[in-house]
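Numbering (UniProt numbering), first residue to last: 1 to 332.
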Amino acid sequence: MVTRWLLLECFSGEPGCVIAVGSTPKSFVPLSNIVRNPLSRADVESALRRACATGAPVAHVSGDGRRTVRAEPLLIAPGRAHAVRLWVGPRQEPVAAPDPMGAWYFDLTNNRSVRSIDLLDLYGVAPENRAAELAIAGAFTRLVTNRDEGEALAKIVNSAPGTEHQAVWTIRRDDDALRAGHFACRIVAERDDAGERHVLLRGVTQDIGAATAVSAAPPPTILEYTVLEAATEPGEYRAIVDLRSLRLIRWIGPPMPDVAWADLPGQPTPQIHPDDLATARTMSRELARRRTEGTVRVRRVDGGWQPVRIRAALMALDQHTTAGLATLTAAS
1 MVTRWLLLEC FSGEPGCVIA VGSTPKSFVP LSNIVRNPLS RADVESALRR
51 ACATGAPVAH VSGDGRRTVR AEPLLIAPGR AHAVRLWVGP RQEPVAAPDP
101 MGAWYFDLTN NRSVRSIDLL DLYGVAPENR AAELAIAGAF TRLVTNRDEG
151 EALAKIVNSA PGTEHQAVWT IRRDDDALRA GHFACRIVAE RDDAGERHVL
201 LRGVTQDIGA ATAVSAAPPP TILEYTVLEA ATEPGEYRAI VDLRSLRLIR
251 WIGPPMPDVA WADLPGQPTP QIHPDDLATA RTMSRELARR RTEGTVRVRR
301 VDGGWQPVRI RAALMALDQH TTAGLATLTA AS
């Protein structure tokens, strides 16, 4: 009988696979591999279905009176569960405290990142800084990614429904504590209330311990980024850009100041000046053959337009997916 919390994903709208047993990540394992007793599994599956369908916690004692079953959904919005954490154990055994965890999704259609309150708690975000939505690039500002980052970014660029990813990355909380974060996610296609199709990357993040105590967590400085930052001149900023949408995927190092890129409440929407879109698209096409450079205007936080000189090179995210590595400097 399992006496540790199990974490099961519900990314596609119904209970799916086990993605963690206690603080140990599991690679989308069938529940039957973990809960082998048929009676226990029947109790568990019923609780999981109810929790996922209703978005409300479920707690009951099994029919034979021997087991406690608890299913607690992780919500991204009322009634929408991304995952369910599950406890099944002897009735007399106390229920252990679960790891901190929270739900999130990237709207890959609209370049939005939405985070649950539980996830903001995990990140240690102060109440006054809790804007629930921001541009996808903003989600990477507190993460130290592992060697799989190129693979993960390639999946975001390709946005193919059904694609899954799982990783242990280091989280730098807002109090500067370094925590090992277990991330699991799946790309799904859904329609909103207006019937519009959106491609979403639905995920959950679990704090599995201090980063220094988890061998799978990457060190707080990745060698490749150290090299890039060492080669960056004062006043230069580096970014990875989606060549098809021309959207910022993530900054490498500090973001360029005064530029509207985070899409936070009260700030202008990130944008290239309409008159400069042709220049940007030409640069994107030219990268297939050579490095390129040019000047475009981008929206400033104050609502104005900032001319930016961009030097760009092609970078491989995986064997089949490329992006632009852009070096930006303010132009007069």
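Every residue, glycine too, gets a C-beta built ideally from N, C-alpha and C.
Three-way DSSP call (helix, strand, coil) for residue i in this model
i, result
"methionine 101", "strand"
"arginine 50", "helix"
"glutamate 45", "helix"
"serine 27", "strand"
"glutamate 9", "strand"
"isoleucine 136", "helix"
"leucine 39", "helix"
"proline 127", "helix"
"arginine 299", "strand"
"glutamate 93", "coil"
"serine 284", "helix"
"serine 62", "coil"
Test item: CB-CB of residue i and residue j under 7 Å
i, j, result
"glycine 65", "threonine 3", "no"
"leucine 153", "isoleucine 249", "yes"
"proline 265", "alanine 160", "no"
"alanine 8", "valine 95", "The sequence as given places leucine at residue 8; alanine does not occur at that position. No; because the gap between Cβ atoms is not below 7 Å, this pair is not in contact."
"glycine 124", "arginine 173", "yes"
"threonine 279", "valine 296", "yes"
"glycine 55", "alanine 81", "yes"
"arginine 311", "glutamate 293", "yes"
"alanine 323", "methionine 315", "yes"
"alanine 135", "aspartate 242", "no"
"alanine 47", "valine 69", "yes"
"residue 338", "leucine 86", "Residue coverage of the chain in this structure runs from 1 to 332, which leaves residue 338 outside it and unanswerable."
"valine 301", "glutamine 267", "yes"
"lysine 155", "threonine 163", "yes"
Residue i versus residue j: straight-line alpha-carbon distance, rounded
i, j, result
"asparagine 111", "glutamine 319", "24 Å"
"arginine 247", "leucine 143", "19 Å"
"glutamine 206", "serine 332", "45 Å"
"isoleucine 187", "glycine 13", "12 Å"
"glutamate 45", "isoleucine 117", "27 Å"
"glutamate 72", "isoleucine 252", "37 Å"
"glycine 203", "valine 157", "16 Å"
"proline 219", "alanine 211", "8 Å"
"glutamate 128", "aspartate 175", "15 Å"
"valine 199", "alanine 189", "4 Å"
"aspartate 43", "glycine 16", "16 Å"
"glutamine 92", "histidine 60", "13 Å"
"glycine 63", "asparagine 37", "14 Å"
"methionine 256", "aspartate 99", "35 Å"
"alanine 167", "histidine 273", "37 Å"
"methionine 283", "isoleucine 171", "34 Å"
"alanine 213", "leucine 178", "10 Å"
"tyrosine 237", "glycine 304", "20 Å"
"glycine 235", "phenylalanine 106", "30 Å"
"histidine 182", "leucine 122", "12 Å"
"leucine 31", "phenylalanine 140", "31 Å"
"glycine 209", "aspartate 276", "47 Å"
Heavy atom of the ligand SAH within 6 Å of residue i beta-carbon
i, result
"arginine 173", "The ligand SAH is not among the ligands present in this structure, which contains no ligands whatsoever."
Endpoints, beta strand (DSSP E) assigned at residue i
i, result
"aspartate 118", "No beta strand (DSSP E) holds aspartate 118; the alpha helix (DSSP H) holding it covers 117–123."
"valine 69", "67–77"
"isoleucine 310", "305–316"
"alanine 326", "322–330"
"glutamate 164", "164–172"
"cysteine 17", "Looking at the DSSP string, cysteine 17 is not in any beta strand (DSSP E), and its letter there is neither H nor E."
"glutamate 196", "Taken as a continuous stretch (DSSP letters only), glutamate 196 belongs to no beta strand (DSSP E), as it is neither H nor E."
"isoleucine 187", "178–191"
Residue interval of the alpha helix (DSSP H) (run including residue i)
i, result
"leucine 153", "149–158"
At what residue ranges does the segment 201–281 contain a whole run of the beta strand (DSSP E), taking only runs of 3 or more? 237–241 and 248–252
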